[in-house]
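In what follows, a structure is listed as structure tokens, so that the remarks can point back to it.
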Amino acid sequence: MSVQALGLRAYSDALQHFNKVDGSLKQGMPVGKQTLFSHTLDQSLLRDSVDKGETFGAQADFIRYPDQQHTPVTPSNSFGDTIKGSLNKVNELQSAKAQAIDDFASGRSQNVHELMITMQKSSLAMKLTSAVRGKVLEAYKEISKMQF
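Following our numbering, the numbering of the sequence shown begins with 1316 at its first residue and continues without gaps.
Given below as structure tokens:
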């Protein structure tokens, strides 16, 4: 194609888009507080910025719904903190089990029901921790086998 043909094609495309925009401006069709043109322009800009990777998640929602309240999402704990907290909880359950056994054996507590519940909680927490550990090690082995 010649430069002249490309120029005429681009001009005709631009003229068609302008006529569409001009028609929506003349209609002045409101979309909320915006005209149809401004709403279409905002949506087009949003799609372009998302396609380029400039806008994500909450930013896209803020552009799409500017009148609504938006609260940013902040991670409360890291993965390491979550694991550490879980292991501390398992340790507390193990300590509570040991204390309940000591209390029952020394005669300070005669509640067999509470002793069994405490022992089962501790056992279940240990089994779950062991299962999670196994899955993490399995995932680590799979990742270490990958070639990059």
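Note that beta-carbon positions come from the ideal geometry of N, C-alpha and C, so glycine has one too.
- The Cβ-Cβ distance between L1402 and A1440 does not fall below 7 Å.
- Inter-residue distance for R1448 and F1394 is about 14 Å (C-alpha atoms, whole angstroms).
- Taken in chain order, the unbroken stretches of alpha helix (DSSP H) that lie wholly in the region 1391-1421 and span 4 residues or more are 1394-1421.
- The alpha-carbon separation between A1446 and A1454 amounts to approximately 12 Å.
- Taking C-beta atoms under 8 Å as the contact rule, D1418 and S1424 qualify, at a distance of about 4 Å.
- Excluding the 5 residues flanking it on each side, K1412 has same chain C-beta neighbours closer than 7 Å at T1433, M1434, S1437, in chain order.
- With contacts defined by Cβ atoms closer than 7 Å, L1430 and A1415 form a contacting pair.
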